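Please read the structure below before turning to the comments.
Numbering (our numbering), first residue to last: 3 to 234.
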């Protein structure tokens, strides 16, 4: 694995996708890269940081805790995986941004823990745009309702939305699943509608190694990339 080359190529692909998109005309000047390190060892993460990676994304609290003890604040930490209630304390302690708030109950629990830690916790609301039962996330309607209660959470800063696109293979399409493009378009429309309603959203987190260029073309300004950088 040539980590330096992979990072450089990934950043180049991001920039090319942004240039090819009409989103630049809408004021989107850059795309934030979250390097997904859920199966990556500490030494490799340190090497990636040395090559300019500024944000890493972890899916599991237990493995993140081990890495955090060695790396700590030399990089910014994002939680991109499902958050269980019994892991909220560690999540609020370690992560700058939690991408995966997928219920009103979880929002309340994170808010309470952030209050205990005297912290304003940045979060994204996870939306299940594909309707797949195997994925976490609120429906579009549920997400809209949650935003109607955002003011109840004095220790949460809701900074945007997140989704995971469906697999883009023929079998999934034949099964009637929505295409990745349509899922990304749905989230972008919700993002725009919420901003028009006065919510100061900043991030639209969508797109991974297999589909981040498509996601950028549909408005993503934060992408979560692991395999393209670290292989595997």
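C-beta atoms are modelled at their ideal positions from N, C-alpha and C, and glycine is treated no differently. The structure presented is a predicted model; accordingly, all values stated were derived computationally and were not measured.
Taking the continuous alpha helix (DSSP H) assigned at residue 107, which residues delimit it?
106-118
Quick one: is residue 206 buried, meaning 16 or more other Cβ sit within 10 Å of its Cβ, or exposed?
buried
Is residue 40 near residue 228, with beta carbons less than 8 Å apart?
Yes, Cβ-Cβ distance for residue 40 and residue 228 is below 8 Å.
Quick check on DSSP: helix, strand or coil for residue 220?
DSSP places residue 220 in coil when its eight states are reduced to three.
By how many angstroms is the C-alpha of residue 226 removed from the C-alpha of residue 190?
16 Å
Beta-carbon within less than 7 Å of residue 90's beta-carbon, same chain only, minus the 5 sequence neighbours each way: which residues are those?
111, 112 and 115
Over the uninterrupted beta strand (DSSP E) stretch that includes residue 2, give me the two end residues.
Limits of the chain in this structure are 3 at one end and 234 at the other, which puts residue 2 out of reach.
Label residue 68 either buried or exposed according to how many other C-beta atoms from any shown protein chain fall within 10 Å of its C-beta, with 16 as the threshold for buried.
Its Cβ having fewer than 16 others within 10 Å, residue 68 is exposed.
What's the C-alpha gap between residue 164 and residue 20?
18 Å
Taking a contact to mean a Cβ-Cβ separation below 8 Å, would you say residue 231 touches residue 23 in this structure?
Going by C-beta atoms, residue 231 is not nearer than 8 Å to residue 23.
Residue 73: which of 42, 192 and 168 sits nearest, CA to CA?
42
How long is the line joining the alpha carbons of residue 8 and residue 223, rounded to whole angstroms?
20 Å
Opposite residue 57 in the DSSP bridges: which residues?
78
Where does the unbroken beta strand (DSSP E) through residue 239 begin, and where does it stop?
Here the chain has residues from 3 to 234 only, and residue 239 is not among them.
Which first and last residues belong to the alpha helix (DSSP H) in which residue 8 is found?
5-22
So residue 102 and residue 128 are in contact, right, with Cβ under 8 Å, and what is the actual spacing, rounded?
Residue 128 and residue 102 do touch by the CB rule: their CB atoms are close to 5 Å apart, below 8 Å.
Could you compute how far the alpha carbon of residue 124 sits from the alpha carbon of residue 34?
C-alpha separation (whole angstroms): 15 Å.
What residues are listed by DSSP as bridge partners for residue 162?
126 and 205
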